[in-house]
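In our numbering, the protein residues as written are 8 to 554.
Even glycine gets a Cβ: it sits at the ideal position worked out from N, Cα and C.
The model shown is predicted, which means the values in this text are computed figures rather than measured ones.
Report on one structure; see the data block that follows.
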């Protein structure tokens with residue numbers, strides 16, 4: 008019993024640290040971004056805010072706006088059936104939306120506080136399962152090193168890249184879990200190939216892994232690239248060991264996973280034809296040296312901002328150099344046990360190196376080819392990237408191992424407790440609406456080019472203030488005829504939007520005075536150069552027939 012407790016307590020401490028920091032950041036979350044509001048609209052099967060725009064030419068208050076976008080209007084069974092057929096999101100399949108819809112069960116009128124609370128429960132539950140799965144993976148790859156496994160767990164789940172995606176109302180916490188389960192399935196298949204002879208079990212070696220692969224792809228289309236890379240590694244290993252018959256069970260598992268994906272999501276293949284799936288390979292600059300260097304710098308920023316700080320990376324480089332030198336030039340008091348020759352050490356760490364290397368390759372591919380410069384696309388593999396530091400630390404003497412673990416834990420914990428490194432708290436997301444919600448008696452006219460962009464500020468609109476959409480210049484002129492004072496806000500993503508807005512103002516604002524103007528950057532990390540232009544307008548003169 009005492010031996011069991013002594014091996015369990017490091018994992019308990021790692022979990023309590025990771026969970027308590029998550030609870031703290033969840034309590035600090037104060038709003039919802041564009042994609043998070045979209046997630047709720049997709050999950051509740053609302054067409055307004057997703058495939059359709061807020062009706063133009065009609066004044067509505069903030070409560071009515073949110074009701075159109077978020078409120079549950081159908082039964083749970085109806086929505087789950089709808090999501091099974093089509094998520095309506097070209098970027099994501101239906102798995103996360105189904106889980107989110109279930110988590111919102113029992114609500115009808117949904118507020119931002121409801122969404123934050125329910126989605127936090129869902130994402131925290133996914134974190135707990137991923138913590139357990141990652142514990143199993145580490146213990147399987149590094150048997151007999153409980154303290155090292157627990158230390159790596161604490162470092163992983165205190166890093167900004169894992170903390171942030173517990174807060175984010177999108178599928179990335181789910182994807183992190185599915186990548187870990189996929190890695191466990193990979194280890195199982197590797198071990199089966201190593202076993203001479205024998206036939207694979209249908210349930211444990213084909214059906215169960217196929218279900219994991221299917222759910223992994225249904226959590227995000229890009230997971231398929233990761234699965235293919237792992238599959239190639241298994242095929243090469245099977246060929247090297249001349250276990251050609253076992254390649255057939257790998258193929259059977261893969262094709263069964265595709266069939267299961269189609270069964271669970273009939274529109275599975277449609278997502279591969281959407282613009283996000285086609286990525287940046289359509290860009291003429293894709294192969295240019297300037298683009299390549301830009302992606303390298305971007306990847307470096309993503310790693311140091313979401314995985315390990317520059318100081319932690321420098322420490323790991325120093326550990327690697329130290330381990331190499333002590334192995335190359337051994338002395339009497341070597342930090343590396345003499346009974347671990349180079350070949351044996353490589354065999355012990357082959358899975359750690361493979362999984363971390365493939366994860367690194369996958370993340371580099373995603374960063375290089377993705378449409379938007381955001382770290383969330385490569386976030387699913389963040390836990391697996393930490394297998395490389397685990398490999399380095401494993402080569403050290405236990406005392407030095409514990410010492411460096413504590414330093415890495417301190418550096419990562421310091422980074423994870425700094426609000427500047429934590430994404431999706433949305434403490435300043437309401438800045439797009441802060442100027443006009445302070446004057447709820449003044450109506451606001453929005454010029455928003457697409458249906459989804461209205462989700463930028465759905466969570467922050469006042470229930471007392473009235474809002475109206477003007478899709479084009481003609482609609483804007485009609486709306487301006489109905490008011491004598493108003494705010495006019497326009498979304499500017501490209502230069503063409505700015506030119507269109509200036510033209511609309513020149514044609515429609517002859518009778519108006521611009522009291523103030525303010526341009527505010529959006530909180531949408533996918534379009535960092537986009538902004539909202541806000542004008543406060545007062546009519547120069549009024550006539551008896553105007554309201």
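In this structure, the CA atom of residue 27 is about 10 Å from the CA atom of residue 21. Linking residue 54 to residue 167 through their CA atoms gives a straight-line distance of about 34 Å. Here residue 310 is not near residue 174, since their CB atoms are 8 Å or more apart. Under the 10 Å beta carbon count, residue 43 is surrounded by 16 or more other beta carbons and is classified as buried. About 13 Å separates the beta carbon of residue 272 from that of residue 178, a gap too long to meet the 8 Å contact definition. Burial state of residue 356 is buried, judged by a 10 Å Cβ sphere holding 16 or more other Cβ atoms. Spatial neighbours of residue 370 in its own chain (CB-CB distance under 6 Å, excluding positions within 5 residues in sequence) are listed in chain order as 385 and 388.
Around the beta carbon of residue 151, fewer than 16 other beta carbons sit within 10 angstroms, so the residue counts as exposed. Residue 519: member of the beta strand (DSSP E) spanning 519 to 528, first to last residue.
Residues of the same chain with a CB within less than 7 Å of the CB of residue 87, apart from the 5 flanking positions on each side, are 105 and 108 in chain order.
Under the three-state reduction of DSSP output, residue 92 falls in the helix class. Excluding five sequence positions before and after residue 47, the CB atoms of its chain that fall closer than 6 Å to its own CB belong to 77 and 122, given in chain order. Within the segment 210 to 267, the alpha helix (DSSP H) runs of at least 4 residues that lie entirely inside it are, in chain order, 215 to 226 and 230 to 247. Residue 454 is not a Cβ neighbour of residue 491, given a cutoff of 8 Å. The beta carbon of residue 420 sits closer than 6 Å to those of 165, all from its chain and outside the five residues before and after it, given in chain order.
Around the beta carbon of residue 448, fewer than 16 other beta carbons lie within 10 angstroms, which makes this residue exposed. Using a C-beta cut-off of 8 Å, the segment 69 to 84 makes contact with the segment 466 to 482, since at least three inter-stretch Cβ pairs fall below that distance. Membership of residue 149 in any beta strand (DSSP E) is not indicated, and neither H nor E is assigned to it by DSSP. Taken atom to atom, the span from the alpha-carbon of residue 301 to that of residue 373 is near 14 Å. Straight across, the Cα-Cα distance linking residue 323 with residue 133 is about 29 Å. In the three-state reduction of the DSSP assignment, residue 66 falls in the coil class.
Under the three-state reduction of DSSP, residue 29 is assigned to helix. Cβ contact annotation for residue 37 (same chain, cutoff 7 Å, sequence separation greater than five): 432, 433 and 434, in chain order. Within the same chain, 392 come within 7 Å of residue 367 by CB-CB distance, once the 5 residues on both sides are set aside. Contact annotation: residue 64 and residue 526 have beta-carbon atoms that are not nearer than 8 Å.
If you look at residue 454, you'll find it isn't in any alpha helix (DSSP H); it sits in the beta strand (DSSP E) that goes 451 to 454. Where residue 411 is concerned, there is no enclosing beta strand (DSSP E), although the alpha helix (DSSP H) around it starts and stops at 405 to 423.
Annotation for residue 460: 498 place their beta carbon closer than 6 Å to its own, counting only its chain and skipping 5 residues before and after. When DSSP states are grouped into helix, strand and coil, residue 73 belongs to the helix group.
Between residue 138 and residue 155, the C-beta gap is not smaller than 8 Å, which leaves the two residues out of contact. Contact annotation: residue 142 and residue 30 have beta-carbon atoms that are not nearer than 8 Å.
Pairwise C-beta distances place the segment 534 to 546 in contact with the segment 494 to 511, as three or more of them are shorter than 8 Å. The three-state secondary structure of residue 374, taken from DSSP, is helix. In terms of Cβ geometry, residue 25 and residue 429 do not form a close pair [threshold 8 Å]. Beta-carbon to beta-carbon, residue 83 and residue 176 are separated by about 19 Å, too far to satisfy the 8 Å threshold.
Residue 476 sits away from residue 544, with the two beta carbons spaced by 8 Å or more.
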